[in-house]
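S.K.: Per the working numbering, the very first residue in the sequence shown carries number 116; after that it's consecutive.
First, the structure itself, so that you have it in front of you.
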Amino acid sequence: MRGVKILVGLFVVGCLAWAGYWWVNAGIRRTAVETWFEQRRAEGWVADYEELVITGFPNRVDTKISGLELADPRSGWAWSADEFQLLTLSYQPFAIIAVWPGEQRFSTPGGGTISAEGQRLRASLAVTANGAFELVRSRMEGRDIAIRLPDGETLFVPILDAASDALDADESGTVHRLGLNLENVELSEGLKARFDATGLLPPAISVVHFDATATFDGTVSLRTIERDAPELASIRIDDASGAWGELDLRAFGDLTADAQGLAEGELDIRARNWEAMLDLAVANGALDEGSARAARFGLGLLASSSGDRNSLEAPITFRDGQARLGPLPIGSAPSLQRQ
116 MRGVKILVGL FVVGCLAWAG YWWVNAGIRR TAVETWFEQR RAEGWVADYE
166 ELVITGFPNR VDTKISGLEL ADPRSGWAWS ADEFQLLTLS YQPFAIIAVW
216 PGEQRFSTPG GGTISAEGQR LRASLAVTAN GAFELVRSRM EGRDIAIRLP
266 DGETLFVPIL DAASDALDAD ESGTVHRLGL NLENVELSEG LKARFDATGL
316 LPPAISVVHF DATATFDGTV SLRTIERDAP ELASIRIDDA SGAWGELDLR
366 AFGDLTADAQ GLAEGELDIR ARNWEAMLDL AVANGALDEG SARAARFGLG
416 LLASSSGDRN SLEAPITFRD GQARLGPLPI GSAPSLQRQ
């Protein structure tokens, strides 16, 4: 009988200790969130919320923020949401799940608003426990996401999956493997017409895939992202591809940022039905008729040398701020860094 009393006593003490641990953990979380908002307001941000609730006892510490309003005056971006959630297990505080229920609204520097709402829109991330909160890995999952652009046109994304992993061989926290996959992206009629004025393509883009290894000029962490996010220094693209109807485009190669932050390097391009891509570029005004004729002639020679005129394999070279597809100039090099 005495042994049973001891066991019961130990159980009660254990429960009280765990309850105390949870309340301390919840208090730390509340203070951290409140402090973060205060710091943003001190920096000139709009940083407000209607309600902050910490729940999840006994095994979770879940943060629910209602009536969220965030706006960065320097960048011109703003985010508002009816609710935002940060979910963690009590015993794994550095493994975080972020959930975006309901409609999310993003205001752009140009003054427009983009809204997004999905059946499922969540992300998980793991950070280091050393106080720097360096990003170890992240995953994002979206299902049935409806996106409305500032001009009223819409996108519907049934499947979105994204991921990043810090490479174990790198101790600086600057090298990350990146992945993105979109499937069956439906464009509204007006939005589709911008890219396909001829109306020959189906309403949905079959797949968009991206797999790359990126090197940044600083450590990627929660602390650096919220203040001065590191810039992209170089990227090795293993696969950047998309398929829309009979059109199929793939690219891979290595790019670095030059002194102006513009891409420098070479991408190998593989395009199926490339002439139809030129027709689309002319139809939506991205390419004039004269440039298209010159490109069709030059690229036709390259395609013929491969034995299949419908398929094109050629390098895109970025150098001195310019881009060339094979021998043909096609415009300016893209920027890899914030301008």
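Don't be surprised by glycine CBs; every beta carbon is placed ideally from N, CA and C.
Since the model is a prediction, treat every value here as computed from it, not as a measurement.
To the nearest angstrom, report how far apart ALA241 and ALA147 are at their CA atoms.
M.R.: Roughly 17 Å between the two C-alpha positions.
S.K.: Looking at GLN234 and ARG258, is the spacing between their C-beta atoms short of 7 Å?
M.R.: Contact flag set, yes.
S.K.: Distance, Cα to Cα, SER230 vs PRO265?
M.R.: The straight-line gap from Cα to Cα measures roughly 8 Å.
S.K.: In chain order, what residues of the same chain lie with their CB nearer than 6 Å to the CB of PHE209, ignoring the 5 residues before and after it?
M.R.: Only VAL242, ALA244 meet the Cβ criterion.
S.K.: Going by other Cβ atoms of all chains shown within 10 Å of its Cβ, with 16 needed for buried, is GLY380 buried or exposed?
M.R.: By the neighbour-count rule (16 or more Cβ atoms within 10 Å), GLY380 is buried.
S.K.: Can you check the region 365 to 422 for any alpha helix (DSSP H) of at least 4 residues that lies completely inside it and give the ranges in chain order?
M.R.: Complete alpha helix (DSSP H) runs here, min 4: 389 to 398, 404 to 420.
S.K.: Quick check on the DSSP output: the beta strand (DSSP E) that includes GLU304 runs from which residue to which?
M.R.: Careful: GLU304 lies outside any beta strand (DSSP E), inside the alpha helix (DSSP H) at 304 to 310.
S.K.: Using the beta-carbon count (16 or more within 10 Å), is ARG144 buried or exposed?
M.R.: Per the 10 Å Cβ criterion, buried.
S.K.: Comparing C-alpha positions only, which one of ARG387, ASP423, LEU370 sits nearest to PRO449?
M.R.: That would be LEU370, whose Cα lies nearest to the Cα of PRO449.
S.K.: Among residues of its own chain, excluding the 5 on either side of GLY305, which ones have a beta-carbon nearer than 7 Å to its beta-carbon?
M.R.: GLU268, listed in sequence order.
S.K.: Would you call the region 303 to 323 and the region 396 to 409 in contact, with 3 or more CB pairs under 8 Å?
M.R.: The region 303 to 323, when compared against the region 396 to 409, does touch it at the 8 Å Cβ threshold.
S.K.: What are the boundary residues of the beta strand (DSSP E) that LEU236 is part of?
M.R.: First-last of the beta strand (DSSP E) with LEU236: 228 to 242.
S.K.: Who are the Cβ neighbours of GLY217 in its own chain at under 6 Å, not counting the five residues just before and after it?
M.R.: So the list reads ASP197, GLU198, once near-sequence residues are dropped.
S.K.: Who are the Cβ neighbours of PHE271 in its own chain at under 6 Å, not counting the five residues just before and after it?
M.R.: ALA261, GLU301, listed in sequence order.
S.K.: Use the C-beta contact count for GLY288: other C-beta atoms within 10 angstroms, 16 or more gives buried, fewer gives exposed.
M.R.: That one is buried.
S.K.: Based on the DSSP secondary-structure assignment, which residues constitute the bridge partners of ASP280?
M.R.: Looking at the DSSP assignment, ASP280 forms a beta bridge with ARG252, ARG292.
S.K.: From what residue to what residue does the beta strand (DSSP E) around GLN437 run?
M.R.: GLN437 -> beta strand (DSSP E) spans 437 to 440.
S.K.: Whose C-beta lies closer than 6 Å to the C-beta of ALA193 among residues of the same chain, with five residues either side of it excluded?
M.R.: Within the same chain, ALA193 has close Cβ partners ALA186, SER222.
S.K.: Which class does VAL139 belong to by DSSP, given the choice of helix, strand or coil?
M.R.: VAL139 falls in the helix class under three-state DSSP.
S.K.: Return yes when the Cβ of LEU417 is within less than 7 Å of the Cβ of ALA407, no when it is not.
M.R.: No, the Cβ-Cβ distance between ALA407 and LEU417 is not below 7 Å.
S.K.: According to DSSP, GLU166 sits in a beta bridge with which residue or residues?
M.R.: According to DSSP, GLU166 bridges with SER181.
S.K.: List the endpoints of the continuous beta strand (DSSP E) containing PRO188.
M.R.: Unbroken run through PRO188: none, as it is neither H nor E.
S.K.: With distance defined between alpha-carbon atoms, name the residue in SER279, ALA247, GLU232 nearest to MET255.
M.R.: It is SER279 whose Cα lies nearest to the Cα of MET255.
S.K.: Ordered along the chain, which non-local residues of its own chain (more than five positions away) have a Cβ less than 7 Å from that of VAL251?
M.R.: Cβ neighbours of VAL251 beyond the five flanking positions: ALA241, VAL242, THR243, ALA281.
S.K.: Please report the distance separating the alpha-carbon of ILE384 from that of LEU293.
M.R.: Roughly 20 Å separates the two Cα atoms.
S.K.: Measure the alpha-carbon distance for LEU362 versus PRO317 and round it to whole angstroms.
M.R.: The alpha-carbon atoms of LEU362 and PRO317 are separated by roughly 11 Å.
S.K.: In three-state terms, what does DSSP make of ARG263?
M.R.: Three-state result, ARG263: strand.
S.K.: For ALA358, I'd like the list of residues in its chain whose CB is within less than 6 Å of its CB, leaving aside the five on either flank, ordered along the chain.
M.R.: SER321, VAL322.
S.K.: Reducing DSSP to helix, strand and coil, say where ALA157 ends up.
M.R.: Helix at ALA157.
S.K.: Let's see if you can read the secondary structure: which residues bound the beta strand (DSSP E) around ASP354?
M.R.: Segment 347 to 359, the beta strand (DSSP E) holding ASP354.
S.K.: Tell me which same chain residues have a C-beta within less than 7 Å of the C-beta of ASP326, skipping the five on either side of it?
M.R.: Excluding residues within five positions, the ones whose Cβ falls inside 7 Å are GLY294, ASP353, ASP354.
S.K.: Considering GLN452, what are the terminal residues of the beta strand (DSSP E) in which it resides?
M.R.: Taken as a continuous stretch (DSSP letters only), GLN452 belongs to no beta strand (DSSP E), as it is neither H nor E.
S.K.: How about GLN437 and GLY376: are their beta carbons less than 7 Å apart?
M.R.: The answer is no: Cβ separation not under 7 Å.
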